[in-house]
Each structure stands twice: as structure tokens, then as C-alpha cells.
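Down below is the structure, laid out as C-alpha cells.
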Amino acid sequence: MESDKEILEAVQALAAALTQRGWRLGTAESCTGGLLAGALTAVAGSSDWYHGGFVTYSNAEKIRQLGVAEVSLDMHGAVSEQVASQMATGVLAVTRETQFAISTTGIAGPGGATPGKPVGMVCFGFARLCDDGVVVAAQTRLFDGDRAAVRRAAVLYALRAALPLVSAPCTTR
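Residues 1 to 173 (this note's numbering) are what the sequence shown spells out, left to right.
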């Protein structure tokens, strides 16, 4: 299982990159249920670079709070890169004080698996607000272990995957 030290180091690296850019981060979580926000705010000074987050566990809350399209949920399901992307862009649209957003949606288990979507599957959305628009990326990963292990692995992966996206040049072209 991912250690607290690994998660802390990933938060610190992301915090440094956000601070260097002068960006603030927002989050939208489903399967991680606030665990990502908890990891981010465990670091002193996080209010300098973390704006806040949403826990949108139900589809209704994804629609209501973040503006996820109902048609996307119907066509692709909540555990999809399409929905993860819309969750991340929803954070940017709703908060307006953030320049970068991370979202998580997945199946932590032990139940909930469907054909093509096994327990441990987590989709991540990343959105960056650049001068000429929003840059969106999505990724899907499959993690092993029990519910707690899947959730912690998803948090660590989200933090590590976000770092190069924050550090990259900001362009939509």
C-alpha cells in the first residue's frame, strides 16, 4: 500500500509546481471521497495553492455541482474518461479561482464492477486554464488491492500524474 511518506512527497512536489506558476488547485472526487483533498490539506500552507474541492459521489451531484452532462453519464457511465474530464472542467467553471483541476471517478470495490469496468478501475481528469482556453487530459488506471488500497493508490497516482501537466507549457494548440 502507498505510504503516507510517498503521498506527502507527491503533494509537496505538486505544491511547489503550483506555487511556481502562481496557480491554485481545485479537486472533484467520486471514488476517493475526499481523500485527495485530505492529502492536499495535510500540508501546512496548502491554503496558498489549494482552493477547495467537491465530493460528487452520486451522478446527480456530478450533474448539479459540476455540470457533467447527463448524456455523458448515460452513454459512458460515471467511470469514464469523458466524465472525469467533465468533472475537472466543471471545477474550473464553477470556482473561477482555480487554474488547475484534478478529478477522480472509479470503482474502489469490493462491489460495483460491471463488464469492462472491473474493481480497481479509476479514471482521472485534469484541466488547466490557459490564456487561450482550457487544456484537458484524461487517463485510466487499474489498481490492485482492497477498497482502501485502491483509494490510496488513486490519490498517489493523481498527484504524480498532475505534476508534469502543471509544469508543462500552457497552450491549447
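C-beta: ideal position from N, C-alpha, C; glycine also.
Review point. On the three-state DSSP scale, how would you describe Ala153?
Key: helix
Exercise for review: With a threshold of 16 other CB atoms inside 10 Å of the CB of Ala15, please say whether the residue is buried or exposed.
Suggested key: buried
Check your understanding: Just curious, the beta strand (DSSP E) that Ser85 is in, first and last residue?
Key -> Run containing Ser85: none in the beta strand (DSSP E); it sits in the alpha helix (DSSP H), Glu81 to Thr95.
Review point. Do Gly26 and His51 come within 8 Å of each other at the CB atom, strictly closer than that value?
Key: yes
Check your understanding: Can the beta-carbon of Lys117 be found less than 8 Å from the beta-carbon of Val83?
Key -> no
Practice item. Over the uninterrupted beta strand (DSSP E) stretch that includes Gly53, give me the two end residues. Key: Tyr50 to Val55
Practice item. Apply the 10 Å Cβ neighbour rule to Val11 and answer buried if 16 or more other Cβ atoms are within range, or exposed otherwise. Key: buried
Check your understanding: Under a three-way DSSP split, which group does Thr41 fall into?
Key -> helix
Practice item. Assess, as a yes-or-no matter, whether the stretch 71-83 is touched by the stretch 102-116 under the definition of 3 or more beta carbon pairs within less than 8 Å. Key: yes
Practice item. Tell me whether Gln99 sits in a helix, a strand or coil according to DSSP, three-state version. Key: coil
Review point. Counting pairs of beta carbons, one from the stretch 65-73 and one from the stretch 118-132, are three or more of them closer than 8 Å?
Key: no
Point to revise | Test item: CB-CB of Leu156 and Phe126 under 8 Å | key: no
Exercise for review: Decide if Ala60 is buried, meaning its Cβ has at least 16 other Cβ atoms within 10 Å, or exposed.
Suggested key: exposed
Exercise for review: Quick one: residues in its chain with C-beta nearer than 7 Å to the C-beta of Arg147, no 5 flanking neighbours on either side, listed in chain order?
Suggested key: Ala108, Gly109 and Pro110
Practice item. Starting from the Cα of Cys31, find the closest Cα among Ala168, Leu18 and Arg152 and give me that residue. Key: Arg152
Review point. How would you call Val119, buried or exposed, if buried means at least 16 neighbouring beta carbons within 10 angstroms?
Key: buried
**Study point:** Selected residue, minimal CA-CA separation from Ser46, among Ala158, Trp23, Thr95 and Phe143
**Key:** Trp23
Exercise for review: Consult DSSP for Ala15 and reduce its assignment to one of helix, strand or coil.
Suggested key: helix
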